[in-house]
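Engineer:
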Amino acid sequence: MTTVPDAPAPRVLAWIEGRGVVVWAAALAVVMLPLTVVALVQLPDPPLPGAAIGWILALCTLLHAASFVARRVPVVAFGIGSAAMLGLALTTVAGSSTAGLMPSAAAYLLLVWQVAATQPRRLSRAALAVGLVGAAVMTAVDALSQRAGDPFAIAGEFVALGGIVTAAWALGALARQRRAAADLAAAERVRRAIADERARIGRDLHDVVSHGLTVMIAQAEAARMLVDEPRAGEAIDRVAETGRTAMRGLRGMLRVLGEETAAPLAPAPSVEALGELIAAASSPERRTDLVQRGTPRPLAPDAELALYRAVQEALTNALRHVRPPMSATVELEWGADTVVAVVADDGGAGHLDASPGGTGLLGMAERVGRAGGSVGVDRGRAWRVRVELPVEAER
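Oh and the sequence shown: position 377 is 379 in this note's numbering, straight run, nothing missing.
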C-alpha cells in the first residue's frame with residue numbers, strides 16, 4: 003500500500019479549526035464566567051435573589067460547555083447554545099437590562115463561527131439567521147425593560163448586536179472558503195504531480211525501448227553482413243525493418259503526447275548507477291552512504307527505473323530541505339521476491355523550510371505503484387522513505 007504525506011493546509015487555519023476552538027472556549031470560560039459572576043453580584047439594584055443568580059449562571063455554564071464540544075458536534079453545540087442564549091435573553095436583570103448581554107454571551111459568537119466555518123452554506127446561513135433573531139429578541143427585551151421611549155437607542159442596540167453576530171459569522175465563512183481553496187489547490191497539486199510523473203515515465207519508456215530497438219537493429223544489420231544464405235539474409239532484413247518501424251511508431255506516439263524525442267538515446271538509469279548517484283550527492287557537509295544486503299536480483303525495466311528515481315527523489319529532498327551538516331544513508335536489501343530501498347537522513351541541523359517534500363513524493367508513489375511496488379514515508383525531525391519493489395522470477 004502506498005502512503006505519502008498529504009499536502010498540508012495552512013497551519014494557522016488548521017490550528018484554529020482544530021484545537022484552537024477548544025483553546026478559545028477555555029479562554030472565554032476562564033475570563034468571561036468570572037466577569038459574569040461579578041456583574042451579577044455588583045450591578046443589579048436591587049440585588050438579585052439567589053435563585054435568579056443560579057438560573058443565569060446555569061445558562062452561562064451551559065453556553066460555555068457547548069463551546070467546548072463545538073469542535074466535534076458544531077450543529078448540536080449551536081442548538082444548545084442558542085437555547086441557552088434564548089433563556090438569557092428572556093431574563094431581565096435590574097440595572098443591566100437582559101441577561102443575554104452578560105460577558106459569557108461571547109461564547110455564543112464562537113458557536114456561530116464554528117458553524118459558519120465547518121458546515122454547508124444552508125446550515126451556515128440558518129445559524130446567521132438564528133443569531134440575528136436572537137439579537138432582535140435581546141433588543142426587544144431591553145426596550146421593554148429599559149428604553150421603551152428611545153427608538154434611536156433601540157435601533158442602535160440591534161445594529162450593534164446584529165453586527166457582532168454577522169462579523170463572527172463572516173469570519174467563519176471566510177475560514178471555510180480558505181479551507182475549500184486550500185483543498186482545491188492541494189488536489190490540483192496532486193493531479194499535476196501525477197501527470198508530470200506519467201510524462202516522465204513516458205520519456206523513460208522511450209529511452210528504454212528505443213535503446214533496445216537501436217541495439218537490435220544494429221546487431222541485425224551486422225549479422226546480415228555475415229550471412230551468405232539469401233533466405234537467412236531476408237529474415238534478418240525483416241527483423242531490422244521491423245525494429246525501424248517500431249522506432250518510428252514509438253516516436254510518433256510520443257510526438258502525439260507532446261514529448262520531445264530528439265535527444266540522443268542513452269541507456270536508462272539502472273541499479274548499478276545508484277553508486278554514482280549517491281557519490282555525486284556527497285559533499286563535506288552532506289554525507290551520503292550506500293549499504294547493500296543480499297544478492298542483487300534482476301528487476302523489470304519499469305521497476306528498475308522506479309527504484310532509481312525513488313532513491314534520486316528521496317536524496318534530493320534530503321539535500322534540499324535538511325540544513326547541513328547532515329548525513330543520509332541508502333540501504334538496499336535484496337530478498338527472494340522483493341528489493342527494499344530505505345533512504346533515511348539524520349535530520350541535520352533542522353529543516354530549511356516549513357514544507358519539505360513538495361509533490362515529488364506523490365510522483366514517486368505514482369511511479370512505484372505502477373511498477374507494482376509500494377512507498378512508505380515517515381516524517382518527523384528526520385525523514386525516512388521506504389520503497390519496496392518486486393524482483394523478476396528466475397528462469
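All C-beta atoms, glycine included, are put in the ideal place defined by N, C-alpha and C.
These figures come from a predicted structure and were not determined experimentally.
Run the CB neighbour count on residue 271, radius 10 Å, all protein chains shown included, and call it buried at 16 or more, exposed below.
Structural biologist: Counting Cβ neighbours within 10 Å, residue 271 comes out buried, since at least 16 surround it.
Engineer: Measuring CA to CA, which of 36, 57, 125 and 53 is closest to residue 80?
Structural biologist: With distances taken between Cα atoms, residue 80 lies closest to 125.
Engineer: Suppose you measure from the CA of residue 308 to the CA of residue 320; what does that come to, to the nearest Å?
Structural biologist: Roughly 18 Å between the two C-alpha positions.
Engineer: Could you spell out where the beta strand (DSSP E) holding residue 346 opens and where it closes?
Structural biologist: Where residue 346 is concerned, the enclosing beta strand (DSSP E) stretches over 340-347.
Engineer: Taking only beta-carbon positions, decide if residue 279 is within less than 9 Å of chain C.
Structural biologist: The displayed structure is made up of one protein chain only, and chain C is not part of it.
Engineer: Considering only the alpha carbon of each residue, which of 368, 89 and 197 lies closest to residue 103?
Structural biologist: Ranking 368, 89 and 197 by Cα distance to residue 103 puts 89 first.
Engineer: According to the Cβ coordinates, are residue 2 and residue 316 closer than 9 Å?
Structural biologist: It is not possible to answer for residue 2, since the shown part of the chain is limited to 3 through 397.
Engineer: Is it true that the CB of residue 114 sits closer than 9 Å to the CB of residue 54?
Structural biologist: No, they are not a contact pair.
Engineer: By Cβ distance, which residues of its chain are closer than 6 Å to residue 26, with the 5 residues on each side in sequence left out?
Structural biologist: For residue 26, where only same-chain residues beyond five positions count, the Cβ hits under 6 Å are 112.
Engineer: From which residue to which residue does the alpha helix (DSSP H) around residue 138 run?
Structural biologist: Looking at the DSSP string, the run of the alpha helix (DSSP H) that includes residue 138 is 123-147.
Engineer: Looking at the structure shown, is residue 193 part of a helix, part of a strand, or coil, going by DSSP?
Structural biologist: Helix.
Engineer: List, from N- to C-terminal side, the alpha helix (DSSP H) runs of 4 residues or more that fit wholly inside the segment 270-353.
Structural biologist: DSSP runs (the alpha helix (DSSP H)) wholly in the segment 270-353: 276-283 and 303-323.
Engineer: Quick one: what's residue 378 bridged to in DSSP?
Structural biologist: The partner list for residue 378 (beta bridge, DSSP) reads 388.
Engineer: Taking the straight line between their C-alpha atoms, what separation do you get for residue 120 and residue 35?
Structural biologist: When rounded, the distance between both Cα atoms is 26 Å.
Engineer: Measuring straight from C-alpha to C-alpha, what distance separates residue 159 and residue 145?
Structural biologist: Distance between the alpha carbons of residue 159 and residue 145: 9 Å.
Engineer: What separation, rounded to the nearest whole angstrom, lies between the Cα atoms of residue 43 and residue 75?
Structural biologist: Spanning the two alpha carbons is a distance of roughly 34 Å.
Engineer: Use the C-beta contact count for residue 352: other C-beta atoms within 10 angstroms, 16 or more gives buried, fewer gives exposed.
Structural biologist: Residue 352 is exposed by the Cβ-count criterion.
Engineer: Quick one: is residue 133 buried, meaning 16 or more other Cβ sit within 10 Å of its Cβ, or exposed?
Structural biologist: It counts as buried.
Engineer: Excluding the 5 residues flanking residue 386 on each side, which residues of the same chain have their C-beta closer than 6 Å to its C-beta?
Structural biologist: Correct list, in chain order: 346 and 380.
Engineer: Leaving out five residues before and five after residue 337 in sequence, what residues of the same chain have Cβ atoms less than 7 Å from its Cβ?
Structural biologist: Counting only Cβ-Cβ distances below 7 Å, and skipping sequence neighbours, we find 296.
Engineer: For residue 75, which of helix, strand or coil comes out of DSSP?
Structural biologist: In this structure, residue 75 counts as coil in the three-state DSSP scheme.
Engineer: Report back the beta-carbon spacing between residue 72 and residue 23 to the nearest angstrom; my notes put them in contact at under 8 Å.
Structural biologist: Residue 72 to residue 23, Cβ: 6 Å. Contact.
Engineer: When DSSP labels each residue in this structure, what does residue 117 get in the three-state scheme?
Structural biologist: The answer is helix: DSSP assigns residue 117 an H, G or I state.
Engineer: With 16 other CB atoms within 10 Å as the buried threshold, where does residue 377 fall?
Structural biologist: With 16 or more other Cβ atoms within 10 Å, it is buried.
Engineer: Go through its chain and collect everything with a Cβ distance to residue 285's Cβ below 7 Å, but skip five positions before and after it.
Structural biologist: Within the same chain, residue 285 has no close Cβ partners at all.
Engineer: In terms of residues, what are the limits of the alpha helix (DSSP H) holding residue 69?
Structural biologist: Start and end: 52-70.
Engineer: Would residue 273 pass as a contact of residue 364 if the rule is Cβ separation under 9 Å?
Structural biologist: Not in contact: residue 273 and residue 364 (Cβ atoms no closer than 9 Å).
Engineer: Taking DSSP as the reference, what is the three-state secondary structure of residue 393?
Structural biologist: Correct three-state label for residue 393: coil.
Engineer: For my contact list, residue 168 and residue 156 are in at a C-beta cut-off of 8 Å; report their separation, rounded to the angstrom.
Structural biologist: Residue 168 to residue 156, Cβ: 18 Å. No contact.
Engineer: Kindly indicate which residue of 101, 87 and 86 has the alpha-carbon position closest to the one of residue 93.
Structural biologist: Nearest of 101, 87 and 86 to residue 93, Cα basis: 101.
Engineer: From residue 290 to residue 367, what does the alpha carbon distance come to, in whole angstroms?
Structural biologist: Their backbone Cα atoms lie some 23 Å apart in a straight line.
Engineer: By Cβ distance below 6 Å, which residues in the same chain neighbour residue 383 in space, the five residues on each side in sequence not counted?
Structural biologist: So the qualifying residues of the chain are 349.
Engineer: Hey, would you say residue 292 sits closer than 9 Å to residue 332, going by beta carbons?
Structural biologist: The answer is yes: Cβ separation under 9 Å.
Engineer: For residue 371 and residue 301, I'd like the C-alpha separation in whole angstroms.
Structural biologist: Their backbone Cα atoms lie some 15 Å apart in a straight line.
Engineer: Assign residue 65 to one of two classes, buried (16 or more other C-beta atoms within 10 Å of its C-beta) or exposed (fewer than that).
Structural biologist: Under this definition residue 65 is a buried residue.
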